[in-house]
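Each remark here refers to the structure printed beneath this line.
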Amino acid sequence: MTSNAFMPSTDSGKADLLDHVASILVNYASILEVTAEDLASLQADAHAFRYILKSMADMQAYAHHLTEFKNILRDGSAAIVGWTVPPMLIEPTPSAVSSGIIPRLSSLVAHLKSHKNYTSAIGLDLGVIGTSTVVDSSSWKPILNVQIKAGHPIVTWTKGSAAAIEIWVDRGEGAGFSFLTINTEPNTSDNQPLPTTSAVWKYRAIYRLHDEQVGQWSDVLSITVGV
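In the working numbering, the protein residues as written are 127 to 353.
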């Protein structure tokens, strides 16, 4: 059993908390005397932070695939590949916010807790009270699904209580499964150049916690590409 501070340690956890507080605080704005401006600022912060995390994950995945492509150009491969396409920023981009999103959230929470009408029940509803939890990660098993965008697979998954997910891929070239990426935010785009003929790509994944693999490997997800 561990006792946790209310502020998550990971960026994705902080984003989840921002989203939650931004959606729930409106219910207590009147009794805690939260202004419309403060609510709007909190909601803008939540949107901006979630957006930058998703954009960063897309860019990191692209960097990984660009490195793979560079290695193929340098060393050769039986596959015929083309230039990998960089991701586009998701539209519309959020409104600009001032730096210091998490310090602002911490200051807001401290202000709420000092209000005469604040109660522990409100704090629990807002998710700003640390709890004691028992973490048993031995049974964690990712469930993978797939979406297709411009012919490329997007492996979809849920995060749960894990810190990240580690995904491996088998491209049907006889080498078996090899490491693809570690992501802290769903979902995972595979921007590897598509083959010129039909092929089956397979994916499997395992959750990570405290920089280690935990739980069980997912079932293998197979998808036909290059059709």
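C-beta atoms are modelled at their ideal positions from N, C-alpha and C, and glycine is treated no differently.
| query | result |
| --- | --- |
| Through-space distance from P229 to N153, alpha-carbon basis | 23 Å |
| Short CB-CB distance (under 8 Å) between L335 and chain C | Absence of chain C from the displayed structure is noted, only one protein chain being present. |
| Limits of the unbroken alpha helix (DSSP H) element including I178 | 162 to 201 |
| Segment contact, 8 Å Cβ cut-off, at least three pairs: the segment 244 to 256 with the segment 300 to 314 | no |
| Nearest-angstrom Cα separation, counted from D145 out to S233 | 16 Å |
| Coil, strand or helix - N243 by DSSP | coil |
| 8 Å contact criterion, which Y329 and L270 should meet: CB distance rounded | 6 Å |
| Coil, strand or helix - N271 by DSSP | strand |
| Nearest to M185 (by Cα), restricted to the options A290, V346, E311 | E311 |
| Beta carbon of S344 nearer than 8 Å to that of I332 | yes |
| Option nearest V211 by Cα separation, candidates V346, H336, L320, W327 | L320 |
| Straight-line Cα distance separating S315 from D251 | 34 Å |
| Stretch pair the segment 236 to 244 + the segment 157 to 166: three plus CB contacts closer than 8 Å | yes |
| Same chain, Cβ closer than 8 Å to S172, five either side skipped, listed in chain order | Ser is not the amino acid found at residue 172; the sequence shown has Ala there. Only A141, L144, D145, V147, A148 meet the Cβ criterion. |
| Cβ pair G352, T322 closer than 8 Å | yes |
| C-alpha distance - M127 paired with D262, whole-angstrom precision | Low per-residue confidence applies at M127: pLDDT is 46, beneath 50, and the placement is therefore not dependable enough to give any value. |
| Simplified DSSP assignment, three categories, for S129 | Model confidence at S129 stands at a pLDDT of 49, short of 50, so the residue's coordinates are unreliable and nothing is read from them. |
| Short Cβ contact (8 Å threshold) for L179 with L151 | no |
| For G341 and T227, the rounded distance between their alpha carbons | Checking the sequence shown, residue 227 turns out to be Ile, not Thr. Approximately 33 Å between the Cα atoms of the pair. |
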